[in-house]
Each structure stands twice: as structure tokens, then as C-alpha cells.
Amino acid sequence: MDTSLLAHRAGAIINAEADELRPALNGFLLFVCLFAGYFMLRPIRESMGISAGVENLQWLFTATFLVMLAAVPLFAWLSAHVPRLHFVDWVYGFFCTNLLLFAALFLGEESPWLARVFYVWISVYNLFVVSVAWSLMADVFDSAQAKRLFAFIAAGASVGGLSGPALSALLIGPLGESGLMLLAAVLLGAAMWFKRQLMRWRERGGAGRPDAAPSESPRRPLPGNPFSGMTAVLKSPYLLGICGFVVLLATVSTFLYFEQARVVAEHFPDREAQVRVFGIIDFVVQAGALLCQLFITGRLAQRLGVGVLLAMVPLVMCAGFIGVIFAPSFGLIAALMIVRRIGEYAFVRPGREMLFAPLDAESKYKAKNFIDTVVYRAGDAISAWAKSALDALSQGAGMAALVGALCALLWGLLGWRLGERADRRASLSAARQNPA
């Protein structure tokens, strides 16, 4: 069969135009590498969190937030001194070095403090590498391309999420934990190669092409100081709205995460069984998200707008929390956690990244990173302590589920408003580029 016909059919399947197929595949494969590496290590992290005591998880969440708080100014300083063309290489190179260090440490005898440090570090690692990857995508593709392609690119995360646990199960015996960390470092290096391909295409067919909206040169560092991401957020009602959306997302996620950890610890006291349960949940989540990303998300965003992507999952969560009030059980909480995570990967995350596509480069990198890391982990930490307080005040999951339902309802309403504003921004930008 003619290769051009194959390319046309493949483009139609993923909702890409002819010249967008290769960069879309590069973005897809970049996320495959990132998430395969992360999901090889995630079950280890979850079991380490339970081994520290479910009642102590809020301390690990707080430590993660404090590390984020210290790291973000360094991240902003780096972005002010390194051109965007090479910025991702520096960030991923740093985390590659970290993985090599942990690989060496895990060759020795495991200690409780090493487990805690690894839990906090991988929580920081995941948010930083994924946030930077989405900043790159928002920089490479314009708003119209983002609506068409971000769902397919996000599907790479689901493929990586499916392959990561499988690789972990197959290779944990011959390679051990240290070997898996070395393999994760190799995959992070491969992600850097795909990033270079994307930045090359940006100037020809992406957001940097001659007929696109004006954007800052990626060959220059971003202006500002180490706190400019935070100040940009504080000056913008739109970015503050995204902060509120992320805090509510983190609150709903944390309440469910704590309930999941509690019921898994009750039903599966053995660490090996816990890792197996978390692996099964991860597999179901990634398979469901992949199907949605490939066949539903992009077309839904084009036809109904970003607001629908951002509102539908929170409203389902609101209904789910109400169900937990009346019938709390392991099956319902596990099902609700799976639905939430499928919805976040398939609809909420691509929709959330579409909010940044019409913005300037400083918002895409500095402000976005501040929101994705400090604001997100602050929401985690605050909601973790709130969940612990609610558990102390009441017996069972009823009170926490009621608060979770209210937060999910607010999350959905705010998502709808933000999506409508993003669609209006994108329409105005398109009208300026193509005046009648």
C-alpha cells in the first residue's frame, strides 16, 4: 500500500493533518518513555508509603510539598539562564543523575529512611518531568493543533502506564530495583531525543512557524527571576482560576488515595499482595484511559469544547462520593479511584493542558510549572491533613465523602468556566491570525 495513503489513514485515526503525523508520534513516544519509566517504579513507591503507616501519609505529602517549594525557585532560575531549546535537556539530565544515584543506593540494604526519601523524591520527579513535558507540548503546538493532538499524545502516557508495570513484573527478578531505576534513566534519555525532534518541527509546522501567532524565540532564556512564575500567577485571574482547579483536583484525588490506601492495607496486609493490587489497578486505569484518548477525547474537545473535558469527570466523582456515604466498600472505592484516574488521564489532563496553549511562553513554562508542582503539592498536603482531621472527628468514610462530594462539585463548575474562557481565547487568537 502507498505510504502516503497509510499516513493519511493514520492521521485520520488520530485526528492529525498530514504534516502533523510525525510530531504527534514524537510527542506520543516521549510520553511512552516518561510513563513507562515512572510506572515501573510506582508500585514500589506505593508499598513504601504503606510500610511507613497509612496514618503517617500526611507527613510524606507535607515533605513532598516542602521539597517542591524549595525546588521551584531553582527551576525558575534555570529557565531564566538556559534557552527553552535546551531547558528540557537540563531538567531531564538532572533527574537521570538522580536515578543513577538511587540505583547505587538500592544495591545496599534498604532502610526506612531510604524508603521515605524515595517516596518523596519520586513524587517530586513525576510532577516535574510530566509538567515540563506538557510545557514543551504547549510550546510546540498551537491552540488548534492542541485540541486535535493532545489526546493522542496523552495516550502515550497510557501506553507507558501499561508497559511500565509489565516491564516491572518481568524484570524485577533479573534486574532488581536498582536495575529498574537504570532502565528508567535510559527511557528518560530517550525522551530527550524525541524532544529534540519536536523542537525542530516547531519552527516549520508548529507554534513557531511563520504564519503562527508571534511567540518568543526558544533560543533565548525566559525573562524574569526565580519567583516570576508565582508573581505571574498572582497577577492573572485566569491562572488563579487554574490554581483553584488544581487544588480541588488534588483534594478529590487525595481523599480517594487515602481511602484506597486504608482499604488496601485492611484487605491485603502482605506487601507483595499490595504491590499486585496496585499493579492491577494501574493496568485497568491505563487500558481504559488509552481507549478514551484514542477514540473520544480529541473529537469531544473539538465538538463540545474544553469545558466539557474539565467538568464531566468532577461531576461523576461528586456522584461517586455520594455513593460512598451510603455504601462504603472496597469495591466501590476501588471502582471510583479507577474511574477518577481514567478520567484524569483521558479528559482532565489533556483539557488542563489545552488551557495553556493560547498563553505566552513564560506562562507555559514558569507559571505552569509553579501550578503543576507547588500548587498541586500544596493541595495534596492541605487535603491530606484535612482528611486526617475528618477521620479523627468521625468514624468511617461518611464525613470525608461528603466534603469530597462538595469539592468535586466546585471542581466541575470551575472547570466548565475555565474551559469556556480557553475556547474564547483560542477563537480570538485564530481570528487575529486569519482576519476576514
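In this text, residue positions in the sequence shown follow numbering that gives the first Met the number 0: the first is 0, and each later residue adds one. Ideal placement from N, C-alpha and C gives every residue a C-beta, glycine not left out.
With a Cβ-Cβ cutoff of 9 angstroms, do residue i and residue j count as a contact?
| i | j | result |
| --- | --- | --- |
| Gln-196 | Asn-368 | no |
| Leu-300 | Ala-345 | Sequence inspection shows Ala at residue 300; the Leu mentioned does not correspond to that position. Not in contact: Ala-300 and Ala-345 (Cβ atoms no closer than 9 angstroms). |
| Tyr-364 | Leu-248 | no |
| Leu-59 | Ser-122 | yes |
| Phe-294 | Gly-160 | no |
| Ile-381 | Thr-250 | yes |
| Phe-149 | Gly-297 | yes |
| Ala-404 | Met-316 | yes |
| Met-136 | Ala-143 | no |
| Ile-324 | Ala-400 | yes |
Quick one: what's got a C-beta closer than 7 angstroms to residue i's C-beta in the same chain, skipping five residues either side?
| i | result |
| --- | --- |
| Ser-157 | Gln-285, Ala-288, Leu-289, Gln-292, Tyr-344 |
| Ile-341 | Val-284, Gly-287, Ala-288, Cys-291 |
| Ala-132 | Leu-29, Phe-30, Leu-33 |
| Leu-392 | Met-398 |
| Val-245 | Ile-370, Val-374, Tyr-375, Gly-378 |
| Arg-424 | Pro-357 |
| Arg-348 | Ala-153 |
| Phe-101 | Phe-117, Met-180 |
| Tyr-91 | Val-128, Leu-187, Ala-190, Met-191 |
| Ser-134 | Lys-363, Tyr-364, Lys-367, Asn-368 |
| Leu-409 | Leu-247 |
| Ser-426 | none |
Smallest Cα separation from residue i: which of the options?
| i | options | result |
| --- | --- | --- |
| Arg-261 | Val-283, Ser-252, Gly-207, Phe-329 | Phe-329 |
| Val-129 | Gly-240, Phe-38, Asp-359 | Phe-38 |
| Phe-226 | Glu-361, Arg-83, Gln-144 | Glu-361 |
| Phe-151 | Phe-277, Ala-23, Ala-184, Gly-107 | Ala-23 |
| Val-276 | Gln-57, Glu-16, Ile-43, Gly-207 | Ile-43 |
| Ala-189 | Leu-401, Asp-18, Ser-393, Val-87 | Val-87 |
| Asp-371 | Ala-17, Phe-34, Leu-29, Met-67 | Met-67 |
| Glu-19 | Glu-202, Ala-103, Leu-170, Gly-163 | Glu-202 |
| Leu-389 | Cys-317, Asp-422, Thr-253 | Thr-253 |
| Phe-64 | Ala-75, Trp-89, Leu-84, Trp-120 | Trp-120 |
| Asp-281 | Arg-41, Phe-27, Ala-17 | Arg-41 |
| Leu-314 | Gly-228, Ile-171, Cys-406 | Cys-406 |
| Asn-97 | Gln-57, Leu-170, Ala-184, Phe-74 | Ala-184 |
| Ala-17 | Arg-147, Arg-302, Ile-279 | Arg-147 |
| Phe-94 | Phe-74, Gly-107, Ser-110 | Phe-74 |
Just curious, the alpha helix (DSSP H) that residue i is in, first and last residue?
| i | result |
| --- | --- |
| Ala-356 | Unbroken run through Ala-356: none, as it is neither H nor E. |
| Ser-436 | An answer regarding residue 436 cannot be provided, because it is not within the stretch 0 to 435 covered by the chain. |
| Thr-296 | That residue, Thr-296, is in no alpha helix (DSSP H); it is neither H nor E in DSSP. |
| Ile-241 | 236-266 |
| Ile-321 | 305-325 |
| Pro-209 | Looking at the DSSP string, Pro-209 is not in any alpha helix (DSSP H), and its letter there is neither H nor E. |
| Ile-332 | 329-342 |
| Ser-134 | 111-139 |
| Tyr-375 | 375-392 |
Within a Cβ cutoff of 8 angstroms, which residues of the same chain sit near residue i, ignoring the five residues on either side of it in sequence?
| i | result |
| --- | --- |
| Gly-240 | Leu-413, Arg-416, Leu-417, Arg-420 |
| Met-0 | Residue placement at Met-0 is poorly supported in this model, since its pLDDT is 48, which falls under 50; the coordinates are not used for a value here. |
| Ala-435 | Confidence is the limiting factor: at Ala-435 the pLDDT is only 47, short of 50, which leaves the residue's position unreliable, though a coordinate-based value still follows. Hits under 8 angstroms: none found. |
Note down, in chain order, each residue of its chain lying with its Cβ closer than 6 angstroms to the Cβ of residue i, except the 5 sequence neighbours on either side.
| i | result |
| --- | --- |
| Phe-105 | Glu-176, Ser-177 |
| Gly-319 | Leu-335 |
| Asn-125 | Tyr-37 |
| Gly-205 | Val-139, Phe-140 |
| Arg-208 | none |
| Gly-243 | Leu-413 |
| Thr-61 | Ala-380 |
| Ser-518 | Given that the chain is displayed from residue 0 to residue 435, the structure contains no residue 518 and the question cannot be resolved. |
| Gly-350 | Val-305, Leu-308, Leu-309 |
State yes or no: is the C-beta of residue i nearer than 8 angstroms to some heavy atom of the ligand ZN?
| i | result |
| --- | --- |
| Cys-406 | As presented, the structure is devoid of all ligands, the ligand ZN included, so that no description of it is given. |
**Request:** Taking only runs that begin and end inside the segment 50-104, name each unbroken alpha helix (DSSP H) of 4 or more residues, in chain order.
**Result:** 56-80, 83-104
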